[in-house]
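One structure is given below, encoded as structure tokens.
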Amino acid sequence: MEKSSDRIVIAGGGIIGCAIAYYLGLKGVKSTVIERRDVGCEASSAAAGGLWPQAESSRPGMFMDLCLAGNAMFEELSRQLELDIEFRPSGLLHVVEDEQYREEAEKLMEWQLDSGLKVDWLDASETLKLEPSLSEDVMGSLYFPDDNHLNPLSLTRAFAVGAKKLGAEISTGTSVTGIKTVSGRVSSLVTDRGEIGADIIINAAGCWAGQVGAMVDMEVPVEPVRGQIILSEPLPPLFKRCIVTRDVYIIQKPRGNVVVGSTREFVGYDKSVTPEAIHLLHRGAVKAIPRLKSVSFIRAWAGLRPYTPDEIPIMGASDGPEGFLLATGHFRNGILLSAITGKLMSELITDGKASIPLEGYRLSRFLRGAEVERK
Amino acid sequence: MTLLKDGVLTNEELEALPCVPGRERMEKGAVVVIECPQDIPCNPCEPACPKGAIVVGGPITNIPVLKEDLCDGCGLCVAPCPGQAIFVVDLNHGNDEAAVSLPYEFQPLPDKGQKVKALNRRGEAVHEGTVVKVLTPSSFDRTAVITVTVPKELAMEVRSIRL
Amino acid sequence: MRKDKELRVNEHPILGSAEERPRVKIKVDDQWMEAIEGEPVAAALMASGKMVFRYTTRLNEPRGVFCAIGRCTDCMMTVDGIPNVRTCITPVREGMVILTQRGEGRWEGISFEKG
Amino acid sequence: MKKVELAVIGAGPAGLCAAIEGAKHGLQVTLIDENIRAGGQLFKQIHKFFGSGVHRAGIRGVDIGSQLLDETEKAGVEVMLDTVVWGLFEDKVLALVHEGRSTQLSAERIILAAGATENALAFPGWTLPGVMGAGAAQTMMNMHRVMPGKKAIMVGSGNVGLIVGYQLIQAGIKLELLVEAAPEIGGYSVHASKLARNGVKIFTSTTIKEARGDERVESAVTVSVDENWNPVPGTEREHEVDMVCLAVGLSPLIELARLAGCGFKYLSELGGHVPLHDEKMETTQPGIYVAGDIAGIDEASTAMEEGRIAALAAAESLGRLGGEEADALKKSARKRMEEFWDGSFGRRVKASKESLSVKE
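Protein chains in written order, with our numbering: chain A, 1 to 375; chain B, 1 to 163; chain C, 1 to 115; chain D, 1 to 360.
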């Protein structure tokens, strides 16, 4: 649909913006990324880096398929990218602590097995055999061998570095202040450092997508959801798989630090950490892995996830000015969906059509459909 | 100034201080020598003297002034000095020898009558002296005051001992 | 290792003679030794002449006590199966097992079945 | 959540005096320290302190420590030891951890008296076991009665270097030499003279170039420096030592003041970034005070006065003390402090501290 001479500008230098620039670059298409502060400095670097299409999903369907397709890309990507993204094929244990949760787990297992996915029920002794650090109170666990983790900041940087090598320009410390249109088509992106002519503008501004949308009178229903995370000092290997409990998720990173997340709070753009949250995360982690009691947690931080009312991202063309596209609202799946989003958006731009249809991710679903209730 | 290079006071630096007695007073017998050349915030020497012979006044960073005629060389100011900068020199200890009393905070303490190396301000052994007194009253709070005999000409040199 | 009593300050002009205090036995890298009850692990080890407490993760360099007040973490060792214990502020206990730590160390009793 | 009127963080000289003064004026005080014993670094100060009678001059730091602990107990201060303050949140909520358990404490007023940490100095071999802070050597010798080595070199001629150098000898360690990169000795000359007359060579315009050894320090190489602090080739000398003590300054422990959102100023004279504070020791965050080394590196004697002033201001702001009485007490504490700052040593500190005033 677009011409090869088109000037493509991406608003937002998070993992989504950088991934799009990277995949465009792979297709020989240059783009410019405009980033208010620095590459990946918001939700992308605040994330823990879990790639959990199976453990985090609640039902089969379009979105589940997208997540699985996205997850499948990382193994090759980790070889293809120049920087080490610390991709670890680790698997995930979803720890079951009570009867009620066990029923939910059984249902999850049933439909995932029906979908041909790998998932296993482990009883208490099998669970402890795999992960001897877990609390002996465990009832059992669901084992997802294909759910993994990586370093989200390294991945974002790797996309950025790769994109630059392929001809993209990444302009950090530059704020988007406006969008100009000419006869219903975007013509330029205005920044605090000048104006950039643009035939295509991609709103990849994460939690700030609403503000960028407003520049073309478009309502983009993305709002920030705060997630707090705590990090331990580096430790010798304590467990190998990602551990998910009802309260927390726990990952031990390759350098030994243990990451515990995360809260889910609607508090606007407030990124402060709170003692209550840190307390809850710590308690949840120690409950699951008692040895963490003697460990020092050395950092706490909060990130703002770009939430949409149905928790599904907004991608593809908009019903606004011609040339204005969206790739935002990835909420808790930004890392997992970064590669597939970059790939599909680059296909949409260069071929006029993505290899996985993006219709279901259009912004117009909110304008059309009934408002989805917040969970 | 060599003091600020190697920590050793020269005789010129010493003689310029208002807390070092003149030759005339020295020859009359025991008297304190206060080797306190800087404006540091400190005055325990002042209340330590029962005769009022040491005046710091205000501010407490004043260099102490010795009223040499009031000083009888009793040595009560030696141990209280946090800088261990006060000594008693008695040129009339014996016919040829003087006695130097100095603060001492090392282990073990010498015995009375023991021969010890007398050290000058550079830590060089310049004489073998005899310990004539070892004072350790509890009021000195673990700073012993040792009196050692030295030849008269070394009375203004010897400032420490080594066993 | 040098002899224990060599590096203890038994007589001190200000602190006086060291009191006779109860001793405990600690095991350091498979060797049993005596320590004074309540003293920090680091003090007990230094008194016995041990200076290397751990080797760093990446360059395998020796580290010992640097700050002695629990701030710098140079003196971390694996104590009773727990890695990264700051030995300068951890008192010895009877039967304590102390290991020179290599890198991040190892948790006692954790071995993985596979992968 | 537990609530107190005054929380004092750090039980060194500043914190102890703050807690005692606060309790004396009727405040409900909790004193928190991460160590298993209160007193901060006082108990390793076995030398007699300077000052005058009102500053407890002539008394050894260790004994001042015991006196203060005694007063703290008598004043009815609640003391929480082995307790780390890991967070300071809005509305003066402190997050604490004790024996692996996390709790919260809400305080109407907070005095930060966390103290300082010793600076390191990087040179080849500086990470070898046997290279340590002068304070670390002091802790080992004077608190635990352990010799960290047998032959030492001291780097730095401030009062810490000079005093600890002397204490090395007292503990039976041979102090081979003391080097100072500046052209003149930094601390009180009387301390330097004590070393000199006991045979310790002091070299100014000299620094350490390298520590050598396989698994621990076996020798140290010193080198002269010129007026631009550049090493003079050919002046290297190797000394056989098994210990290198670094007395190259202290830095305020300001993490909690940062968490509290206090304003800062960088003053090298005071050891680095220091929280802005007024003459009541109040920071830019109302109700949060600083005292002691966190408010700029200085002596324990002035730290104690700062603790008192901060507690008086806290008591006054909570209505426990009339304005006039508070002013009179603060004034006399300030006077004692200024006495300390009167000479050429304190003058620089005083000028720096005054430039921190938030009232400007």
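Heads up, the beta-carbon is just placed ideally off N, CA and C, and yes, glycines get one too.
- Item | DSSP three-state assignment for V41/C, whether helix, strand or coil | helix
- Any chain C beta carbon closer than 8 Å to L312/D: no
- Residue nearest to V84/D in terms of C-alpha spacing, selected from L168/D, G158/D, A11/D, G346/D: A11/D
- Message: I need the straight-line Cα distance from I34/B to I60/B, nearest angstrom please.
- Response: 15 Å
- Residues that E256/A contacts on chain C, provided the C-beta gap is smaller than 7 Å: Here the sequence assigns Gly to residue 256/A, which means Glu is not the residue at that position. Correct list: E104.
- Interfacial residues, the region 251 to 282 of chain A to chain D, with Cβ spacing under 9 Å: S272, V273, T274, P275, E276, I278, H279, H282
- Query: So, does the CB of I82/C fall closer than 8 Å to a CB anywhere in chain D?
  - Reply: no
- Message: Once the 5 residues before and after I40/B are set aside, which same chain residues still bring their CB inside 8 Å of it?
- Response: T61, G83
- Does any CB atom of chain D fall closer than 8 Å to the CB of S379/A? In the structure as shown, chain A begins at 1 and stops at 375. Residue 379/A is therefore absent and cannot be evaluated.
- Candidates V274/D, F340/D, P183/D: which alpha carbon is nearest A295/D's? V274/D
- Quick one: residues in its chain with C-beta nearer than 6 Å to the C-beta of E94/C, no 5 flanking neighbours on either side, listed in chain order? V24
- Item | Cβ pair E210/D, F123/D closer than 8 Å | yes
- Item | Proximity below 8 Å, CB of G249/D to CB of G271/D | yes
- Query: Looking only at its own chain, which residues have a Cβ that is under 6 Å from the Cβ of E377/A, when we skip the five neighbours before and after it?
  - Reply: Residue 377/A cannot be examined here, being either before or after the span of chain A that is shown, 1 to 375.
- Message: In the DSSP assignment, the alpha helix (DSSP H) including K350/D goes from what residue to what residue?
- Response: 344 to 354
- Query: When DSSP labels each residue in this structure, what does V39/A get in the three-state scheme?
  - Reply: coil
- Item | DSSP state of V32/B mapped onto helix, strand, coil | strand
- How long is the line joining the alpha carbons of G319/D and A313/D, rounded to whole angstroms? 10 Å
- Item | Candidates A288/A, S171/A, A300/A, of which the one nearest I278/A by Cα | A300/A
- Query: Is the Cβ-Cβ distance between A47/A and G303/A less than 8 Å?
  - Reply: yes
- Q287/A CB to nearest chain D CB: under 8 Å? A small correction: the amino acid at residue 287/A is Lys; Gln does not occupy that position in the sequence shown. Chain D contact via Cβ: absent.
- Is it buried or exposed for R348/D, if we count other Cβ within 10 angstroms and need 16 for buried? exposed
- Can you list, in chain order, the residues of the region 104 to 138 of chain B whose Cβ is nearer than 9 Å to any Cβ on chain C? Y104, E105, F106, Q107, P108, L109
- Item | C-beta atoms of F53/C and A136/D nearer than 8 Å | no
- Task: Determine the direct distance from the alpha carbon of E35/A to that of E282/D, and round the result to whole angstroms.
- Result: 39 Å
- Message: Check whether the region 332 to 347 of chain A and the region 285 to 294 of chain A touch, using three or more Cβ-Cβ pairs below 8 Å as the test.
- Response: no
- Item | Start and end residues, beta strand (DSSP E) containing N203/A | 200 to 203
- Which residues in chain C sit within 7 Å of R142/B, going by Cβ to Cβ distance? P13, I14
- Just by C-beta distance, which residues in the region 131 to 142 of chain A are closer than 7 Å to chain C? P132, S133
- Message: On the CB-based measure, 16 or more other CB atoms within 10 Å of its CB, does M1/A come out buried or exposed?
- Response: Any answer about M1/A is weak, because its pLDDT of 46 lies below 50 and its placement is not dependable; what the coordinates show is given next. It is exposed - the Cβ of M1/A has fewer than 16 other Cβ atoms within 10 Å.
- Item | Which of helix, strand or coil DSSP assigns to I34/A | strand
- Query: What's the gap between the Cα of V9/C and the Cα of T30/D?
  - Reply: 36 Å
- Measure how close the beta-carbons of L94/D and A107/D come, nearest whole angstrom, since I'm counting them as under 8 Å. 6 Å
- Can you tell me the Cβ-Cβ gap for G93/A and L130/A, rounded? I've got them flagged as a contact below 8 Å. Gly is not the amino acid found at residue 93/A; the sequence shown has Leu there. Their Cβ separation, rounded to whole angstroms, is 7 Å, which keeps L93/A and L130/A in contact under 8 Å.
- Ignoring anything shorter than 3 residues or poking outside the region 43 to 96 of chain C, list the beta strand (DSSP E) runs there in chain order. 76 to 79, 82 to 86
- Message: In this structure, how does DSSP classify A136/D when only helix, strand and coil are distinguished?
- Response: helix
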